[in-house]
Each structure stands twice: as C-alpha cells, then as structure tokens.
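Encoded as structure tokens, the structure appears first; notes follow it.
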Amino acid sequence: MKLWSPWDAAHFNDPYEMYARLRTEDPVHRSQTGEWIITRYEHVRDVLKDNRFITGNRLEWIKRGIAHLHNHELDFHAIAQAMCGFMLFLNPPQHTRIRKFMHAVWTEREIEPQIRMNAREILSRLPKQFDVVKDIAQVLPALTMSRILGISPNDYHYLKNLALQLIKGLDLYITIKDLVTIHSASVKFIEYFRTIIRENNMAESGLLKKIIQSSENTPDLLSENELISLCIFLFTAGEETTSSLIGTGTRNLLHHAGNSPITNWDAAIDELLRYESPVQLLGRIAQEDVEVGGQLISKNSTVTLCLGAANRDPEIFESPNQLNLLRNHNRHMAFGSGIHFCMGDWLARLQGKIALEELLNTYPNLKPNGQVKWTRHLSIRSLSTFPVRAD
Ligand code: HEM
3 MKLWSPWDAA HFNDPYEMYA RLRTEDPVHR SQTGEWIITR YEHVRDVLKD
53 NRFITGNRLE WIKRGIAHLH NHELDFHAIA QAMCGFMLFL NPPQHTRIRK
103 FMHAVWTERE IEPQIRMNAR EILSRLPKQF DVVKDIAQVL PALTMSRILG
153 ISPNDYHYLK NLALQLIKGL DLYITIKDLV TIHSASVKFI EYFRTIIREN
203 NMAESGLLKK IIQSSENTPD LLSENELISL CIFLFTAGEE TTSSLIGTGT
253 RNLLHHAGNS PITNWDAAID ELLRYESPVQ LLGRIAQEDV EVGGQLISKN
303 STVTLCLGAA NRDPEIFESP NQLNLLRNHN RHMAFGSGIH FCMGDWLARL
353 QGKIALEELL NTYPNLKPNG QVKWTRHLSI RSLSTFPVRA D
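All the letters of the sequence shown, read from the start, carry residue numbers 3 to 393 under my numbering.
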C-alpha cells in the first residue's frame, strides 16, 4: 500500500491513519510525484522557520500552467493577477514590507459585538432543521470580513461564493476544470474590488480605506493590481478556513463532547483547531540542498508540510487522537509558524468561539440529521454540508 495516497476515499474522509503511518514509517517521505511529504511536528516547524525554504511555488506553478495553456488558446491570466498580492506567495523582501505595512494599518480589533450580533441574527432566522455549514459557518466569516474591510454587507453572499471557488487555487492538485472555475471567480473578484476602489465606495472607518490612504503615503508599495489582490486575499484567507473551524468544530463537539457545557472556550477552540486543523497542507520550495530528518532535500525540490499530521504527533501531544477540550500548553500549528504565521488567528478564534457558543446556547439539544460531506480539497479540510436538527 502506498504511504501517501490522500485521494483514496478512506484517507480523504479520515487522513489521520495515513498520517500516523507516514510519521512512524517514513516521516520525510518522497512521494510518487516527486515532492517530499513531511509529517512530524518538529520537522514541519523547522522547515517553516528555515529561510532556506521559500514559498511562492503555487503562484509560479499557476503562472507556468497558465503560460502552457495559453499556447492552447486557454486564457487564465486573471488567476495570476488575482493572486499577485497574496501574502502567502510572497517572499522577503517584498513579503516583509507588506506584512509590516499590514501590521501598521490593521490595528482595529473591536469587532466582537458586531460578530455576536451577526451570529444571533443568522441563528434567529433558522428553521428547526438547518445546515451548519451553509447556513452559519460560511456566512459569518463573509459578513465579518465585509464589515472589517468596510464594504457593503449586502454583497457578502456573492463574495463568499467567489472566495469558496478561488480557494481551490491553493489546493495541492488542480484540474483544468478547477482552473476554469478559479479563473471565472478571479475575473469577478478583480472587477468587484476595482470598481469599489475606483469609485471610492467604502466606509471611511474600514480597513480598505486605511490601506488605500496609507499606501498613498508609501509610494511603490502596492500597484493597483496588488492592492486589489490584497483585498481578495484578505477576504478569501478567512472564509473557508473559519468556515471549516465552525463546521468541523460543531461536529466534533457534538460527537465527542455531547452537549455538556464548555467551561473554557479559549482552550476548547484551540483544541478543535489542533484536532481537525482547517489548513492541512502547506507548500515550500528548497532554495538549496537541505537535510531534514536524515533525508537530503535537494535544491528546487517541493516540500508538502502536513499540519494536520504534525498537530497529532504523539511526541508533542499526549493522546493526540483524543479531543481534550481542557488541553494545556496546546502548541498546535493550525495557524502555521515562522514569517507567514496567520495574521487573522485572533479573528478566527473569536469567530469560532462566538459561533459555537451562540449555536450551542441557542440550541442545547442540537443533533446531527443526516450525512456530512467533505469538500474536495486536500489543503483545506472542511465540510460542504452538515445537516442538523434542533429539537
Ligand atoms: C481558522 C481559521 C484560519 C486558519 C486555520 C488559518 C491558517 C493560516 C495558515 C496556516 C497560514 C500560513 C500559511 C503559510 O505559511 O503558507 C495563514 C496565513 C494567513 N492568514 Fe490565516 N487562517 C485562518 C483565518 C484567517 C483569517 C480570519 C484571516 C483574516 C484576514 C487570515 C489571514 C491570514 C493572512 C493575511 C495570512 C498570510 C500571512 C503571511 O503570509 O505573512 N487567516 N493562515
């Protein structure tokens, strides 16, 4: 049996046994397609903190694919344009400049009352039977990000769907059919933010206005395309990821903790993030020959880091396959590590906590009501549907 076969139905639904075998039998594994698969916590963390590994492979890969397909009269250039300012794909010194800039402009964190109000409003409109993913998990992050950016909350549904389509561009393997969808979402996203920016149609107090004003004082930091792409990224980065936390989080709470009250929400959210990490895989490229766990990773090799496996490493976490909502010193890497560490970790935790708290308080007898379905993503592990019943 192949050690790395993430698309096998059994592994797709539950990758943790496959991860466990990799971690013990071949923790730095050369896959059949040539990339290295890394599963132990220490190795994953070391690579993320090692500047001999760079990111950007995804954008390069997409650009190469686009150039190739262009020869076959297929035009996917909008994808590269939509993603040119995705911080995940940038390396120093450009990444350092934009990250510093974002830290300076994104200082407003007083968003809790707004998120709680949105969560309550969403819940108040639900019938007795509903879908945790479609009706809550996908909706709340889009409303929150619209509010933070200062764009119309009426557009959240449209933008949420674009974000869910675009995120597929971050997956490990992409088909031409996916590219067509990602391209169409890119075109619409670019058009949306270009119009808003050119017509100056955003709230004075929102983050988008602040980004525009501050970038005017920092010439050469962001072109218009990069500015548009940064907005697309901010909207997309927190959509499927936070939706995953709320969707799988509800499922794991109902399954493992029943309906017993949560006494420490902060610990519970971190444990849910460790146990079912929304971002399962990250990619890096070796800039030179590097040894990891006794294996020589040669220059230009692609490395896939399994956060989902690292977060269940028994060397680091006691009884890692148990959901322990009171776990202490939870050093999970669900938000990555090193220079690309998630900038929205606080927001994701806050939204996860409010959504789950409000949901379980409103419906203390919530029960699953049919089969869940996983999305067809490898990099982001999330549910596409989770029907429930509130008796
Ligand atoms: C549960 C929800 C979330 C999870 C699990 C998550 C996870 C991650 C991870 C693993 C990375 C690192 C990627 C890498 O190293 O290649 C990352 C980066 C990032 N995330 Fe999140 N994220 C979440 C929510 C959010 C939210 C709500 C935002 C808000 C906009 C956000 C903004 C970002 C940004 C800007 C980066 C790029 C940082 C950089 O490249 O310097 N994330 N996230």
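Even for Gly, the Cβ is constructed at its ideal location relative to N, Cα and C.
Check: Cα separation between T252 and C86?
Finding: For the pair T252 and C86, the Cα-to-Cα distance works out to about 34 Å.
Check: Can S279 and N313 be called in contact, C-beta distance under 8 Å?
Finding: Against a cut-off of 8 Å, the Cβ pair of N313 and S279 comes out as a contact.
Notebook entry, point to check: Per DSSP, E425 is paired with what?
Noted result: There is simply no residue 425 to check, as the chain begins at 3 and stops at 393 in what is shown.
Next item on the list: Return the chain-ordered list of same chain residues with a C-beta closer than 7 Å to the C-beta of R196, the five sequence neighbours on each side being excluded.
Entry: Result list for R196: I230, in chain order.
Next item on the list: Using the Cα positions of V107 and I150, report the straight-line distance between them to the nearest angstrom.
Entry: 12 Å
Next item on the list: Please determine, among I113, T57, W9, A121, the residue with the shortest C-alpha to C-alpha distance to L358.
Entry: A121
Next item on the list: Measure the C-alpha to C-alpha separation of Q297 and R32 and round it to an integer number of angstroms.
Entry: 9 Å
Checklist line | CA nearest to the CA of V294, picked from L255, P129, L307 | finding: L307
Check: Does the distance from the CB of L166 to the CB of E226 come in under 8 Å?
Finding: no
Margin query: Whether or not the segment 122–135 and the segment 163–182 are in contact is what I'm after, with contact meaning three or more pairs of Cβ atoms, one per stretch, closer than 8 Å; do they touch?
Written below: no
Next item on the list: Return the CA-CA distance between A187 and P143, expressed in angstroms with no decimal places.
Entry: A187 and P143 have their C-alpha atoms roughly 18 Å apart.
Check: Looking only at DSSP bridge pairs, what is P421 linked to?
Finding: Nothing can be reported for residue 421, as the shown portion of the chain is limited to 3 through 393.
Check: How is K162 classed by DSSP in three states: helix, strand or coil?
Finding: helix
Next item on the list: May I ask you to report which of helix, strand or coil DSSP gives Q131?
Entry: strand
Next item on the list: Determine the DSSP secondary structure at R286, reduced to helix, strand or coil.
Entry: strand
Notebook entry, point to check: Rounded to the nearest angstrom, how far is the Cβ of V135 from that of F388, given a contact under 8 Å?
Noted result: Between V135 and F388 a beta carbon distance of about 5 Å is seen, short of the 8 Å cut, so the two are scored as contacting.
Item checked: Cβ distance (whole Å) where R391 is taken to contact N363 below 8 Å -> The Cβ separation is near 17 Å, so there is no contact.
Item checked: Distance cut-off 7 Å: M85 Cβ against heavy atoms of ligand 1 -> no
Next item on the list: Output the residues surrounding ligand 1, defined as those with a CB atom closer than 6 Å to any ligand heavy atom, in chain order.
Entry: T57, M89, L90, R101, L236, A239, G240, T243, T244, L247, P280, V281, L284, A336, F337, G338, H342, C344, M345, G346, L349, A350
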